[in-house]
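Student:
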Amino acid sequence: MELLLVVVLGLLYAAGIFLILRRSMVKLLLGIMLLGNGTNILIFLLGTITKGKPPVIGPDQNVFQDIYADPIPQSLILTAIVISFALTAFAIVLLKRVYALVDSDDLDDLNTPEEEDL
Amino acid sequence: MIDNHILAPVFIHLFTAILQLIAWRKTVTQRFLSVGGAFIGLLIAIRLFAKVYTEGSLSMHASNWEAPFSIVFVADLLAVSMVLLTAIAGFAVSIFSSVGIARQRMLYGYFPIFHFLLMGLNGAFLTGDIFNLYVWFEVIIISSFVLMTLGGRKAQLEGAVKYMAMNILASTFFLTGIGILYGISGSLNMADLSIRIREFHNQPLLDVAAIFFLLGFGIKSAVFPLYYWLPSSYHTPPSAVAATFGGLLTKVGVYAILRVFSLMFVPDEFTKNLLMVMAVLTILTGAFGALIKTNIRRLFSYLIVCHIGFMIGGIAMFTKAALMGAVFYLIHDIMVKTNMFLIAGYIRQVRGTMDMTKLGGLYKAYPLISLLIALVLFSLVGVPPLSGFWPKIYLFQEAFVGGQYFFIAALIIGSLVTMYVIAKLWADVFWKNTPEDQPVEDKFKELPPFKKVLLLMPIVLLCSVTLYIGLQAEHVVLAVDRISNELLDTSSYVKTVLGDKVFKK
Amino acid sequence: MRSIILQTATRYLLPILLLFSFFLLLRGHYSPGGGFVGGLVASIAFVLHSFANGTEATMKILGRKPLSLIPVGLGLAALSMVMPTFFGLPPMTGLWFEEKIPVIGSIGSALFFDLGVYLVVVGVVLTILFTISLTKD
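Residue numbers (UniProt numbering), protein chains in the order written: chain A, 1 to 118; chain B, 1 to 505; chain C, 1 to 137.
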């Protein structure tokens, strides 16, 4: 399980960085999203995975009787997912607006010359 | 000591923003709410600063849980100084934007977002939890995205794409660092982490985490190899927005570097050298970039980069005097940089352009205001006895003692170039006659008197704070001295957060 | 494209999904659920309705703009966060009423916080979706 996650993590980071280095804005956004997901898996992995031991105290107990999975990495990942949801929604709308204005997906076309400054 | 009210600076801006959201599209009400909220925020910040200054650091445990398990908010002297400066700058920008921002932008929610940004800044300064710091950073960047794109001009959106991509990337690096740190230590509380990390002996893994934090904060504070997004985006939004960004947002990065590297990754030889190289190159590249720019705001953007290098250099030496210099420069820089961008906005009102080749004759038209602006410019350059001068003394002195000759050279070059570009700006904008083919359309003259006052009041306010920092430097030095002591010896911070129980070992 | 099957189905699905979202909201404190998930389910109910009947029809049953839900929700959540400071406790401490209410169970400030989150989530998600689906380009 850990090994599989490590491989997935590496793939996500590699693909994310590869996409960020492209010139296209959409690929840039996809790359950032993949990197974000890679980071979430990293947190999950480093929080040590405990299988089949949810951190829930049963109805007839008062304290944990056994080792249990650490809930904090999951709450961190949830928070990060919610935040990246908002960021991605905003980024998509922004890229759509930029595409409508500039009529290009190429980051190199995003240079308004200095003469047009206010 | 525990105080349940240290989050008041955060909540005041939250409630102001909520009230403004309820008054959606009623721009007059929003303006009054904004200035009122920022003023109350300023009063609260002064009270908090006074309390911490006299009684020592305060902490608050959210939801009443015990310290390492809850999210902790800590008000030590560094944090409350930053909160106070944010409040002053926020108050000034809030007054300025009630006139300086187009009504169209207000209709799309400029003011609520501005207060969410201030809330995020205050939260980031006060938090004592590394993941919570990440969340506040996200609050800051998402509000700044909206502020940056409001209005939707082509150049603005282009700048926003670069700004957005780099800042999301920075957050991802920051989050990766947090993930590694949690894997190492199993804690997120910064005070708790500072103890646990000392017992962890896998130095290479710690260095990896430290580099991730440095990358994340480095992008945010615009240091050498990571600063390119700043000059290509900060000249695009309206001046009031640029003032908030230029004055406060990069400084949050510096604050985070100070906090994280003093508490958790106390710089070893490798980190010190790395930071020093970054600082020297930041100063040089920023200075040379500023040399060739003719647009006032592009020039200021490069000056921001250049002066960030001074602070990073101070952190790199990590001795008491060096930290005093860095923190003093931080205090001076927030006030002056905010004011510079407000002045750029004022020049735009007067002449309709910010291109130095097309400007001129401002001294003839407005001699008194120009002299006021000259005071700010002198402070930025660091003419004694104004505020930019004192921190540089500490930095010079400590660089000599530590034998950092490259840093001394960079400091001298950086200061000289700053002086040169500011002199050029003064000559071009204020002394030279307006170019003859350039139509003079003075929007400022046509404004009703109370609007003129509202535009100039924030500049005067920030200028008087700058003068206070410069002329009453001994007061600031007293505070800065305590701050650098707290940064070097973190036991008081740890004790504020965790209480006495950790000192058994 | 309008599908009669989908239109008829959403007429019954909308109330059921809304009821389910309230169920998730109320059981959220100790069991899986809560304001965020509840809000998402509620907004999905409206999204489904807008797929079947068009965005205009959905805006008509909502009555007002979803944007106006955001300040209400934020205000509710923020007030329930600040409330404990008036009793000398740190912000965000859970305060509970002593009497249990039938069906719902014990009520505390956490429930009001969750209700605020619920409203904010519905407001934000619907605002984003309506904005994207109503812009013509």
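Note that beta-carbon positions come from the ideal geometry of N, C-alpha and C, so glycine has one too.
Is it a yes or a no for the region 66-77 of chain B touching the region 88-104 of chain B, going by three-plus beta-carbon pairs under 8 Å?
Tutor: No contact exists between the region 66-77 of chain B and the region 88-104 of chain B.
Student: Rounded to the nearest angstrom, how far is the Cβ of Leu147 (chain B) from that of Leu121 (chain B), given a contact under 8 Å?
Tutor: Within the second sequence, residue 147 (chain B) is the residue found at index 147, counting from 1. Within the second sequence, residue 121 (chain B) is the residue found at index 121, counting from 1. Actually they are not in contact, since the Cβ atoms of Leu147 (chain B) and Leu121 (chain B) sit about 13 Å apart, beyond 8 Å.
Student: Look at Ile130 (chain B) and Leu188 (chain B) and say whether their C-beta atoms are less than 8 Å apart.
Tutor: The residue you call residue 130 (chain B) lines up with position 130 of the second sequence. The residue you call residue 188 (chain B) lines up with position 188 of the second sequence. In contact: Ile130 (chain B) and Leu188 (chain B) (Cβ atoms closer than 8 Å).
Student: Check for me: the beta strand (DSSP E) holding Ala69 (chain A) runs from which residue to which?
Tutor: Position 69 of the first sequence, counting from 1, holds the residue named residue 69 (chain A). It is not in any beta strand (DSSP E) - Ala69 (chain A) carries neither H nor E in the DSSP assignment.
Student: Of all the residues that make up the region 8-21 of chain B, which are near chain C by a beta-carbon distance shorter than 7 Å?
Tutor: Taking 7 Å as the Cβ-Cβ cut-off against chain C, the residues of the region 8-21 of chain B that qualify are Phe11, Leu14, Phe15, Ile18, Leu21.
Student: Gly325 (chain B) to Trp390 (chain B), Cα distance in whole Å?
Tutor: Translated into positions along the second sequence, residue 325 (chain B) becomes position 325. Translated into positions along the second sequence, residue 390 (chain B) becomes position 390. Rounded to whole angstroms, Gly325 (chain B) to Trp390 (chain B) spans 8 Å at the Cα level.
Student: Just how far apart, CA to CA, sit Tyr255 (chain B) and Ile373 (chain B)?
Tutor: Counting from one through the second sequence, the residue named residue 255 (chain B) turns up at place 255. Counting from one through the second sequence, the residue named residue 373 (chain B) turns up at place 373. C-alpha separation (whole angstroms): 28 Å.
Student: Give me the Cβ distance between Val120 (chain C) and Ser43 (chain C), rounded to the nearest whole Å; I'm assuming they're in contact under 8 Å.
Tutor: Residue 120 (chain C) sits at position 120 when you count from the first residue of the third sequence. Residue 43 (chain C) sits at position 43 when you count from the first residue of the third sequence. With 8 Å as the limit, Val120 (chain C) and Ser43 (chain C) do not qualify as a contact, their Cβ atoms being about 11 Å apart.
Student: Measuring CA to CA, which of B:Gly218, B:Met356, B:Leu258 is closest to Gln438 (chain B)?
Tutor: Within the second sequence, the letter at position 438 stands for residue 438 (chain B). With distances taken between Cα atoms, Gln438 (chain B) lies closest to B:Met356.
Student: Using a Cβ cut-off of 9 Å, which residues of the region 100-134 of chain C contact any Cβ in chain B, in chain order?
Tutor: Listed by position along the chain: nothing, the set is empty.
Student: At least one CB of chain C closer than 8 Å to the CB of Asn167 (chain B): is that the case?
Tutor: Looking up residue 167 (chain B) in the second sequence gives position 167. Closer than 8 Å: no.
Student: My guess is that Arg22 (chain A) and Leu29 (chain A) are in contact by the Cβ rule of under 8 Å, so how many angstroms apart are they, rounded?
Tutor: As a position in the first sequence, residue 22 (chain A) is number 22, starting the count at 1. As a position in the first sequence, residue 29 (chain A) is number 29, starting the count at 1. In fact, because the Cβ distance is near 11 Å, the residues do not count as touching under 8 Å.
Student: State the DSSP-derived secondary structure class of Ser43 (chain C), mapped to helix, strand or coil.
Tutor: Translated into positions along the third sequence, residue 43 (chain C) becomes position 43. It is helical.
Student: Tell me whether Phe64 (chain A) sits in a helix, a strand or coil according to DSSP, three-state version.
Tutor: Counting from one through the first sequence, the residue named residue 64 (chain A) turns up at place 64. Here Phe64 (chain A) sits in coil by DSSP.
Student: Output the distance between the C-alpha atoms of Ser185 (chain B) and Leu42 (chain A), rounded to the nearest integer angstrom.
Tutor: Your numbering for residue 185 (chain B) matches position 185 in the second sequence. Your numbering for residue 42 (chain A) matches position 42 in the first sequence. The alpha-carbon atoms of Ser185 (chain B) and Leu42 (chain A) are separated by roughly 15 Å.
Student: How many Å lie between Ser221 (chain B) and Val376 (chain B) at the Cα?
Tutor: As a first step, residue 221 (chain B) is located in the second sequence; it is residue number 221 there, counting from the start. As a first step, residue 376 (chain B) is located in the second sequence; it is residue number 376 there, counting from the start. So the two alpha carbons sit approximately 23 Å from each other.
Student: Run through the DSSP bridge pairs and tell me what Ser59 (chain B) is partnered with.
Tutor: Taking the first residue of the second sequence as 1, we reach residue 59 (chain B) at position 59. Paired residues: B:Ile2, B:Val74.
Student: Output, in chain order, the set of chain C residues within a Cβ distance shorter than 8 Å of Ala15 (chain A).
Tutor: Working through the first sequence from its first residue, we reach residue 15 (chain A) at position 15. The premise fails here: Ala15 (chain A) is roughly 26 Å from chain C at the closest Cβ pair, so nothing lies under 8 Å.
Student: Keeping to the same chain, check which residues put their C-beta closer than 7 Å to that of Ile12 (chain B); ignore five residues upstream and five downstream.
Tutor: Indexing the second sequence from 1 puts residue 12 (chain B) at position 12. Taken in chain order, the residues that qualify are Gly37, Ile40, Gly41, Ile44.
Student: What are the residues of the region 146-180 of chain B that lie near chain A, defined by any Cβ-Cβ distance shorter than 7 Å?
Tutor: Cβ contacts with chain A come from Thr149, Gly152, Lys154, Ala155, Leu157, Glu158, Ala160, Val161, Met164, Ala165, Ile168, Leu169, Thr172, Leu175, Thr176, Gly179, Ile180.
Student: From Ile140 (chain B) to Leu95 (chain C), what distance separates their C-alpha atoms?
Tutor: Counting from one through the second sequence, the residue named residue 140 (chain B) turns up at place 140. Counting from one through the third sequence, the residue named residue 95 (chain C) turns up at place 95. Answer to the nearest angstrom: the Cα atoms are 30 Å apart.
Student: Using 8 Å as the threshold, is the C-beta distance between Gly289 (chain B) and Pro385 (chain B) below it?
Tutor: Reading the second sequence from its first residue, position 289 is the one you call residue 289 (chain B). Reading the second sequence from its first residue, position 385 is the one you call residue 385 (chain B). For Gly289 (chain B) and Pro385 (chain B), no; Cβs fall outside 8 Å.
Student: Is Gln397 (chain B) near the ligand PLP, judged by its Cβ being under 7 Å from some heavy atom?
Tutor: Within the structure as shown, the ligand PLP is missing, as the structure has no ligands at all.
Student: Glu138 (chain B): buried (16+ other C-beta within 10 angstroms of its C-beta) or exposed?
Tutor: Here residue 138 (chain B) refers to the residue found at position 138 when the second sequence is read from its first residue. Per the 10 Å Cβ criterion, buried.
Student: Can you list, in chain order, the residues of its chain whose CB lies under 8 Å from that of Thr338 (chain B), leaving out five sequence neighbours each side?
Tutor: Translated into the one-based positions of the second sequence, residue 338 (chain B) becomes position 338. Once the five neighbours on either side are set aside, the close Cβ partners of Thr338 (chain B) are Ala89, Ala92, Val93, Ala243, Thr244, Gly246, Gly247, Leu248, Leu462.
Student: Let me know the secondary structure DSSP gives Ile211 (chain B) once reduced to three states.
Tutor: The residue labelled residue 211 (chain B) in the question sits at position 211 within the second sequence. It is helical.
Student: Rounding to the nearest angstrom, what Cα-Cα distance links Val52 (chain B) and Leu19 (chain C) in this structure?
Tutor: Here residue 52 (chain B) refers to the residue found at position 52 of the second sequence. Here residue 19 (chain C) refers to the residue found at position 19 of the third sequence. Going from the Cα of Val52 (chain B) to the Cα of Leu19 (chain C) covers about 49 Å.
Student: Considering only residues of the same chain and omitting the five flanking positions on each side of Met81 (chain C), which have a CB-CB separation below 6 Å?
Tutor: Within the third sequence, numbered from 1, the residue matching residue 81 (chain C) stands at position 81. These residues qualify, in order along the chain: Pro91, Met92.
Student: Can you find a CB in chain B that lies within less than 8 Å of the CB of Glu2 (chain A)?
Tutor: Sequence index remark: in the first sequence, residue 2 (chain A) carries index 2 (1-based). No, its Cβ sits nowhere closer than 8 Å to a Cβ of chain B.
Student: Less than 8 Å separating the beta-carbons of Ser262 (chain B) and His332 (chain B)?
Tutor: Position 262 of the second sequence, counted from the start, is the residue given in the question as residue 262 (chain B). Position 332 of the second sequence, counted from the start, is the residue given in the question as residue 332 (chain B). In this structure, His332 (chain B) does not lie closer than 8 Å to Ser262 (chain B) by Cβ.
Student: Which residues does DSSP pair with Ile101 (chain C) in a beta bridge?
Tutor: As a first step, residue 101 (chain C) must be located in the third sequence, where it is residue number 101. Looking at the DSSP assignment, Ile101 (chain C) forms a beta bridge with C:Gly105.
Student: Return the residues of the region 426-453 of chain B that lie within a Cβ-Cβ distance of less than 9 Å from chain A, sorted by chain order.
Tutor: Taking 9 Å as the Cβ-Cβ cut-off against chain A, none of the residues of the region 426-453 of chain B qualify.
Student: Could you give the DSSP three-state label for Thr127 (chain B): helix, strand or coil?
Tutor: Taking the first residue of the second sequence as 1, we reach residue 127 (chain B) at position 127. Three-state result, Thr127 (chain B): strand.
Student: Using Cβ-Cβ distances below 7 Å, what residues of the region 61-72 of chain A are close to chain C?
Tutor: Residues: none.
Student: Mark Ser491 (chain B) as exposed unless 16 or more other C-beta atoms lie within 10 angstroms of its C-beta, in which case mark it buried.
Tutor: As a first step, residue 491 (chain B) is located in the second sequence; it is residue number 491 there, counting from the start. The residue is exposed, with fewer than 16 neighbouring Cβ atoms inside 10 Å.
Student: For the alpha helix (DSSP H) holding Ile256 (chain B), just list the boundary residues, first then last.
Tutor: Taking the second sequence and counting its residues from 1, one reaches residue 256 (chain B) at position 256. The sequence given here has Ala at residue 256 (chain B), not Ile. Ala256 (chain B) -> alpha helix (DSSP H) spans 250-263.
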